[in-house]
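Since the structure comes first, as C-alpha cells, the remarks are kept for the end.
Residue numbers (my numbering): -5 to 127.
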C-alpha cells in the first residue's frame, strides 16, 4: 500500500539511510540481501492479521520492489556518504548523524573490524562500491 499511496518518499529514504548506518550488519548485505524462505514465519506470525489480502507471493514481490526502490533512490550524495562512512571518513556535511550513539557504535565496530581483519574489510568495501555503481 505504501508504494500505491505515497511511494518511496525522500523522508522514507532518509529514515532507511539512518537505519542503515546505525545497523550492526554490513552495509553491502543490507543493500544486497540474501533471501531466506520466510514462508513458515509468514504463515505463523502474519497470515490472517491483515484485512487486506496479502499472500506470501505478494510478500516476495513487495520485498523485491522495496529493495529496488531503495537502490534506485540513492543519489550521488547518498552513495558518497555511505562510502565515506564505510571508509571510516564520514562526510557529515551530507548527513549529520555523527552525534547518534548507534552511528558512533557502527564506526567503532568498523574500525575494529578493519584493524582485526583487513582483507575481509576490504572485500566488503569493494562489494559495497560495486553495489553503489
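A virtual CB, placed ideally from N, CA and C, is assigned to each residue, including glycine.
Check	Outcome
Straight-line Cα distance separating residue 2 from residue 60	8 Å
Three-state secondary structure assigned by DSSP to residue 18	coil
Short Cβ contact (8 Å threshold) for residue 53 with residue 36	yes
8 Å Cβ cutoff met for residue 89 and residue 107	no
Three-state secondary structure (DSSP) of residue 118	helix
Outcome for residue 45 when other beta-carbon atoms lying within 10 angstroms are tallied against a minimum of 16	exposed
Sub-8 Å separation of residue 22 and residue 101 beta-carbons	no
Residues near residue 71 by beta carbon distance below 8 Å, same chain, minus five either side	88
Inter-residue spacing [alpha-carbon to alpha-carbon] between residue -1 and residue 116	40 Å
Beta-carbon proximity of residue 94 to residue 17, cut-off 8 Å	no
First and last residue of the uninterrupted alpha helix (DSSP H) at residue 39	33 to 39
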